[in-house]
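In terms of the working numbering, the sequence shown opens at residue 2 and continues consecutively.
The beta carbon of each residue, even a glycine, is placed where N, CA and C say it ideally should be.
No experiment lies behind these values; they were computed from the predicted model shown.
What follows is a single structure, written as structure tokens, with notes after it.
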Amino acid sequence: MKKTLVVLAGCCTLFCATAGSVAREKSRLDYAVQNSAHTDGRLTPKLEFEPDFQSRAGLSGEALAREYLRARASRYGLKATLENLALRRTQASLYGKHYHFQQQIHGIDVEAAEIIVSVRGNRVYRIFNNTFPVKDAPKRVAKALSVEQAYDQAWNSLQVRGKLMAKPDAQLLYVLVDAKPVLAYQVDLSVENPHGAWRVTVDASSGAVLSKVDRVLPRGKSAQSMSGKRAHGPLLDRLRAFRAYDNAQSARSLKHRSRATGSGFVFDPDPRTTLMDNTLKDDSSADKFEGAYYTRTLQDISFADSKYSLVGPWVQIVDFESPTNAPSTTTDGSWTAKRGNNAFNDVMTYYHVDKNQRYMQSLGFTGEKGIQEASIEVDSDGYGGSDNSYFSPVGNKIAFGHGCVDDNEDSDVILHEYGHAIHHSINSNWSGGDTGAMGEGFGDYWAASYSLSTPNGDQFNKNHVFNWDGHGEGNPCWPGRVLDAFGAQYDSNKTYGAHQTITGGFQSDELWSTPLFQSLLALMQAGVSKEAVDTIILEAHFGLGSGLKMPEMAKAILATAQNLQDNPGVGEAFLSQFVKHKILEVPTPALQNLGFEFKDSGGNGSADPGESLELLVPIKNVGTASGSAVTAVLSSSDPNVRVLQAQAHYGDIAMGAVASQSGPFVVELDSALECGKEVTLNLHVQFEKGRALSTDVTLTIPTGVAQGAALSVEPKVEIPDNDENGIVQTLELNAEGTVSNLSVKLDITHPYRGDLAVSLESPAGTKVLLHDRTGGSEDNLQGVYPQSLVPVESLSKLDGEALNGTWKLHVSDHANSDKGVLNSWGVSAVTGYVCQ
Numbered sequence: 002m003k004k005t006l007v008v009l010a011g012c013c014t015l016f017c018a019t020a021g022s023v024a025r026e027k028s029r030l031d032y033a034v035q036n037s038a039h040t041d042g043r044l045t046p047k048l049e050f051e052p053d054f055q056s057r058a059g060l061s062g063e064a065l066a067r068e069y070l071r072a073r074a075s076r077y078g079l080k081a082t083l084e085n086l087a088l089r090r091t092q093a094s095l096y097g098k099h100y101h102f103q104q105q106i107h108g109i110d111v112e113a114a115e116i117i118v119s120v121r122g123n124r125v126y127r128i129f130n131n132t133f134p135v136k137d138a139p140k141r142v143a144k145a146l147s148v149e150q151a152y153d154q155a156w157n158s159l160q161v162r163g164k165l166m167a168k169p170d171a172q173l174l175y176v177l178v179d180a181k182p183v184l185a186y187q188v189d190l191s192v193e194n195p196h197g198a199w200r201v202t203v204d205a206s207s208g209a210v211l212s213k214v215d216r217v218l219p220r221g222k223s224a225q226s227m228s229g230k231r232a233h234g235p236l237l238d239r240l241r242a243f244r245a246y247d248n249a250q251s252a253r254s255l256k257h258r259s260r261a262t263g264s265g266f267v268f269d270p271d272p273r274t275t276l277m278d279n280t281l282k283d284d285s286s287a288d289k290f291e292g293a294y295y296t297r298t299l300q301d302i303s304f305a306d307s308k309y310s311l312v313g314p315w316v317q318i319v320d321f322e323s324p325t326n327a328p329s330t331t332t333d334g335s336w337t338a339k340r341g342n343n344a345f346n347d348v349m350t351y352y353h354v355d356k357n358q359r360y361m362q363s364l365g366f367t368g369e370k371g372i373q374e375a376s377i378e379v380d381s382d383g384y385g386g387s388d389n390s391y392f393s394p395v396g397n398k399i400a401f402g403h404g405c406v407d408d409n410e411d412s413d414v415i416l417h418e419y420g421h422a423i424h425h426s427i428n429s430n431w432s433g434g435d436t437g438a439m440g441e442g443f444g445d446y447w448a449a450s451y452s453l454s455t456p457n458g459d460q461f462n463k464n465h466v467f468n469w470d471g472h473g474e475g476n477p478c479w480p481g482r483v484l485d486a487f488g489a490q491y492d493s494n495k496t497y498g499a500h501q502t503i504t505g506g507f508q509s510d511e512l513w514s515t516p517l518f519q520s521l522l523a524l525m526q527a528g529v530s531k532e533a534v535d536t537i538i539l540e541a542h543f544g545l546g547s548g549l550k551m552p553e554m555a556k557a558i559l560a561t562a563q564n565l566q567d568n569p570g571v572g573e574a575f576l577s578q579f580v581k582h583k584i585l586e587v588p589t590p591a592l593q594n595l596g597f598e599f600k601d602s603g604g605n606g607s608a609d610p611g612e613s614l615e616l617l618v619p620i621k622n623v624g625t626a627s628g629s630a631v632t633a634v635l636s637s638s639d640p641n642v643r644v645l646q647a648q649a650h651y652g653d654i655a656m657g658a659v660a661s662q663s664g665p666f667v668v669e670l671d672s673a674l675e676c677g678k679e680v681t682l683n684l685h686v687q688f689e690k691g692r693a694l695s696t697d698v699t700l701t702i703p704t705g706v707a708q709g710a711a712l713s714v715e716p717k718v719e720i721p722d723n724d725e726n727g728i729v730q731t732l733e734l735n736a737e738g739t740v741s742n743l744s745v746k747l748d749i750t751h752p753y754r755g756d757l758a759v760s761l762e763s764p765a766g767t768k769v770l771l772h773d774r775t776g777g778s779e780d781n782l783q784g785v786y787p788q789s790l791v792p793v794e795s796l797s798k799l800d801g802e803a804l805n806g807t808w809k810l811h812v813s814d815h816a817n818s819d820k821g822v823l824n825s826w827g828v829s830a831v832t833g834y835v836c837q
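See the structure below:
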């Protein structure tokens, strides 16, 4: 019998749908938590999870970490003797211990080059590698500069006119310049003018300044920034400035203080949220704020010289930069100041930082597992009075500005900046990659997470951060940021720094904060505690180093969720959010039907009423994981169609492979079926043995032999993203007669059909607009015009024109981020059907 290849109507890619079984969810997470490698020319792994490694019996801790590194040294380009590594830090977290091995050349550290082995019991569960394979170590270089000379070079290059705000530091190390190690001093100077936490890199041989970077982490780019601003005035002598700083520190440390308990007025979290009043402004009358004040206990403040001061074990209010404003004190331990008096800002800052530290300790992060578990210095009226705030890793300090709304009248700003301090405490190499955006995004998340625990915090603009310092009606101090930037999409070809404007008008910070915060909301709604989610996110940061990208941090969060929670739905909630923003793509089988062949009992090559058909449906795996135990079941809801052989087996289908079923499907068509009517079948495909993944595809078989003209093609070409010229595809129709009852079959896969414009051009050059950027975020454009799809312009516009000639399809994409594929298209001018 004759075999006929029929192109499916609606040929499509089948992706696994969400399944409810626990086993499936765990496997989905396992697929998502994949290892990553360096993409900067290093052919070595960067981040690895659960490596397949069997150690000698009884090994744990540092001994296990060293054994792992010796056994896998070649994998990372290291020497098996580990002579170029030095154990620099052993860090404990809730789940394990993290052994930080610093890479060295000639016994001198290489900047940010470390390999971290994370261990739990006798198991290595994570490796972070930022070492640089060095086949031939550079020759030893005799440094020409002393530490003091390096300080001089850095100081002079900055032209310092303002005092030191933190203890200076200089370290001799190798830095990479054009991928080559150069011996240099890294000098950290936090100065008031030019304002910044400056890291100046000085060549140890020549004395040349290789780079100057301000490491201050401000709240936002849209607000004022003091970075690098320089006033007129005399240059300061370095040695005198160093001595002045040391003397000031010595004077402060001589005081003997005892612990006490006090009280004070605070906003918690901010007046707009407490009062649920978005019209409240900085210049609103004082009486408008009365209902927003709470009296809160101030724990472990200091008592000395008959005065109570806001100096505690976890935070201390100091004045280390302009404007000069001495920290407030009281004689009875009670602070009654309200907004407009900086004593109120002192209390706000002390209370919220102290409370947040105690919260982390309640989660288990204390003692050797502590995060920022020391008294951080905070200037409650600093940053030159600008409308911004910052954390400085040089000296581990925070300063709050007072432009427009005082920044520390809003707990969101306080905890956002403390979020930077949290990062610095866990990972002092938090830099490079996407860490700029992630640091800001985490700070926003951390602040918003706290707000959910406050009165009205879960009701009033919960998807806003900086509800009082930003946002608001009228003319707000600044726009603030949001935590529901659902349209923000990750591009793996880009690097995301802090406060960058990205496609769609969002900020890079929001690209990270949104999936974190939306995961929190979803999990809380599902009954998971806020504390559990915060714990996962904090724990995930341990054991990581420099150069992290968002997908890597996301994988660390998923792996941590699996480690800390028995409920796989917790990790699944995070994964769903990361996938929405394209931060993660889950490796999964994707099965694509390739049309089908059938044998008809009549032998004319068409499906006719009264015949039985044998169908062969080949399937290709175009996904990123193999599909196993693939089976399919064919069915139809048409009473004139009977499926006699419904089940088929495909076995395992590797990535890129094509498989045919074990035997044909058999379908019988009733003789009462109308000639020319399309027969619709449903193919239910199951795959991934033990995971119950399944999906459905519709197969359409025309009956009879069409009279007239019809032709379709399958170009399978990509549609250029955000290109108004798009693509033009042609087909040559060799037919007599003129156009009548024209239809156009179209199959475009695209995640956002609202981006697309599609038009048909006849051989005579007449264009008909079929689709013009409608449908919003709906997927795909598949069907037949004008039957299942409605054209913008009527196809009757072409009636009477010649059928014969070149037909053209114009397809264009008019927005960024989403890409599509034109799978197939065709034209048909059918006047009737003939059946046997």
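Check whether the region 641–658 and the region 597–607 are in contact - that is, three or more C-beta pairs closer than 8 Å.
no
What would DSSP say about Ile372, mapped onto helix, strand or coil?
For the purposes of this step, residue 372 is identified with residue 371 of the sequence shown, where counting begins at 1. Coil, per DSSP.
Using a Cβ-Cβ cut-off of 7 Å (strictly less than) and excluding sequence neighbours within five positions of Thr739, which residues of its own chain qualify?
On the sequence shown, position 738 is the one that residue 739 refers to. Gly801, Glu802, Ala803 and Leu804.
Give me the residue from Asp153, Arg216 and Val631 with the minimum Cα distance to Val1.
Lying outside 2 to 837, the shown extent of the chain, residue 1 is not represented and no answer is given.
Say whether the region 258–273 touches the region 201–220, bearing in mind that this needs 3 or more beta-carbon pairs closer than 8 Å, one atom from each stretch.
no
With C-beta atoms as the reference, is Asn468 less than 8 Å away from Val483?
Along the sequence shown, one-based indexing puts residue 468 at 467. Along the sequence shown, one-based indexing puts residue 483 at 482. Cβ atoms of Asn468 and Val483: not closer than 8 Å.
Which full runs of the beta strand (DSSP E) of 3+ residues lie inside the region 652–694, going along the chain?
666–670 and 680–688
Of all the options Tyr96, Leu453 and Gly385, which has the alpha carbon lying nearest to the alpha carbon of Met166?
Taking the sequence shown and counting its residues from 1, one reaches residue 166 at position 165. Minimum Cα distance to Met166 is reached at Gly385.
Beta carbon of Ser387, beta carbon of Gly402: below 8 Å?
The sequence position of residue 387 within the sequence shown is 386, counting from 1. The sequence position of residue 402 within the sequence shown is 401, counting from 1. Going by C-beta atoms, Ser387 is nearer than 8 Å to Gly402.
Grab me the residues of Ile720's own chain with a C-beta within less than 8 Å of its C-beta, minus the 5 sequence neighbours each way, in chain order.
Against the sequence shown, residue 720 aligns to sequence position 719. Cβ within range, chain order: Gly727, Ile728, Ile749, His751, Leu757, Val812, Ser813, Asp814, Lys820, Gly821, Val822 and Leu823.
So Val142 and Ser212 are supposed to be a Cβ contact under 8 Å. How far apart are they, rounded?
One-based indexing of the sequence shown puts residue 142 at position 141. One-based indexing of the sequence shown puts residue 212 at position 211. About 19 Å separates the two Cβ atoms, so there is no contact after all.
Quick one: measure Cβ to Cβ for Val793 and Leu770, integer angstroms, because I've assumed they're closer than 8 Å.
Taking the sequence shown and counting its residues from 1, one reaches residue 793 at position 792. Taking the sequence shown and counting its residues from 1, one reaches residue 770 at position 769. So it is a contact: roughly 4 Å between Cβ atoms.
Examine the Cβ distances between the region 696–703 and the region 763–778 and report whether three or more of them are shorter than 8 Å.
no
Cβ neighbours of His425 in the same chain (closer than 6 Å, five flanking residues each side left out)
Locating residue 425 in the sequence shown gives position 424, where the first residue counts as 1. So the qualifying residues of the chain are Pro394.
Host alpha helix (DSSP H) of Phe443 (start-end):
One-based indexing of the sequence shown puts residue 443 at position 442. Start and end: Thr436 to Ser452.
Given a threshold of 16 other Cβ atoms within 10 Å of its Cβ, counted over all protein chains shown, does Ser638 qualify as buried or as exposed?
Residue mapping note: residue 638 aligns to position 637 of the sequence shown, counting from 1. So Ser638 ends up on the exposed side.
May I ask which residues mark the beginning and end of the alpha helix (DSSP H) holding Arg71?
The residue given as residue 71 occupies position 70 in the sequence shown. Gly62 to Ala72 is the span of the alpha helix (DSSP H), which, as asked, contains Arg71.
Rounded to the nearest angstrom, what separates Lys809 and Val718 at their Cα positions?
The residue you call residue 809 lines up with position 808 of the sequence shown. The residue you call residue 718 lines up with position 717 of the sequence shown. Distance between the alpha carbons of Lys809 and Val718: 15 Å.
Does the distance from the CB of Ile702 to the CB of Glu669 come in under 8 Å?
Taking the first residue of the sequence shown as position 1, residue 702 is located at position 701. Taking the first residue of the sequence shown as position 1, residue 669 is located at position 668. No.
Output the boundary residues of the beta strand (DSSP E) element that contains Phe579.
In the sequence shown, counting from the first residue as 1, residue 579 sits at position 578. No beta strand (DSSP E) holds Phe579; the alpha helix (DSSP H) holding it covers Pro569 to Lys581.
Given 8 Å as the limit, is there contact between the region 299–306 and the region 339–357, that is, 3 or more CB pairs closer than that?
yes
Under three-state DSSP, which class holds Gly833?
Position 832 of the sequence shown holds residue 833. In the structure shown, Gly833 sits in a strand (DSSP, three-state: E or B).
If we ignore side chains and look at the alpha-carbon of each, how far apart do Asn343 and Ser381 end up?
Here residue 343 corresponds to residue number 342 of the sequence shown, with the count starting at 1. Here residue 381 corresponds to residue number 380 of the sequence shown, with the count starting at 1. Rounded to the nearest angstrom, the two C-alpha atoms are 8 Å apart.
Arg258 versus Phe443 - alpha carbon distance:
Translated into the one-based positions of the sequence shown, residue 258 becomes position 257. Translated into the one-based positions of the sequence shown, residue 443 becomes position 442. So the alpha carbons of these two residues sit roughly 35 Å apart.
Report the rounded CA-to-CA distance for Val714 versus Leu799, giving the unit in angstroms.
Locating residue 714 in the sequence shown gives position 713, counting from the first residue. Locating residue 799 in the sequence shown gives position 798, counting from the first residue. About 21 Å.
Anticipated Cβ contact below 8 Å, Tyr497 with Gly705, distance rounded
Stepping through the sequence shown from its first residue, residue 497 is reached at position 496. Stepping through the sequence shown from its first residue, residue 705 is reached at position 704. Wrong, their Cβ atoms sit about 57 Å apart, outside the cutoff.
Name, in chain order, the residues that DSSP records as bridge partners for Phe1.
Lying outside 2 to 837, the shown extent of the chain, residue 1 is not represented and no answer is given.
Apply the 10 Å Cβ neighbour rule to Phe321 and answer buried if 16 or more other Cβ atoms are within range, or exposed otherwise.
Mapped onto the sequence shown, residue 321 falls at position 320. Result: buried.
Indicate whether His582 and Pro516 have their beta-carbon atoms separated by less than 8 Å.
Position 581 of the sequence shown, counted from the start, is the residue given in the question as residue 582. Position 515 of the sequence shown, counted from the start, is the residue given in the question as residue 516. Yes, the pair counts as a contact, with Cβ atoms nearer than the cut-off.
Pick from Gly488, Leu796 and Leu524 that is closest to Ser509, judged by C-alpha positions
What you label residue 509 is simply residue 508 of the sequence shown in a count that begins at 1. The shortest Cα separation from Ser509 among Gly488, Leu796 and Leu524 belongs to Gly488.
DSSP beta-bridge partners of Arg124
As a first step, residue 124 must be located in the sequence shown, where it is residue number 123. DSSP, once it has assigned bridges, lists Arg121 as partnering Arg124.
Only counting the same chain, and skipping five residues up and downstream in sequence, which positions put a Cβ closer than 6 Å to that of Lys621?
Taking the sequence shown and counting its residues from 1, one reaches residue 621 at position 620. Gln593, Leu595 and Val659.
So who's on the other strand from Arg200, going by DSSP bridges?
What you label residue 200 is simply residue 199 of the sequence shown in a count that begins at 1. Asp189 and Val214.
Three-way DSSP call (helix, strand, coil) for Tyr491 in this model:
The residue given as residue 491 occupies position 490 in the sequence shown. Coil, per DSSP.
Leu91 and Ile116 closer than 8 Å at C-beta:
Within the sequence shown, numbered from 1, the residue matching residue 91 stands at position 90. Within the sequence shown, numbered from 1, the residue matching residue 116 stands at position 115. Checking the sequence shown, residue 91 turns out to be Thr, not Leu. No, Cβ-Cβ distance for Thr91 and Ile116 is not below 8 Å.
With three or more C-beta pairs closer than 8 Å as the rule, is the region 400–417 touching the region 521–528?
no
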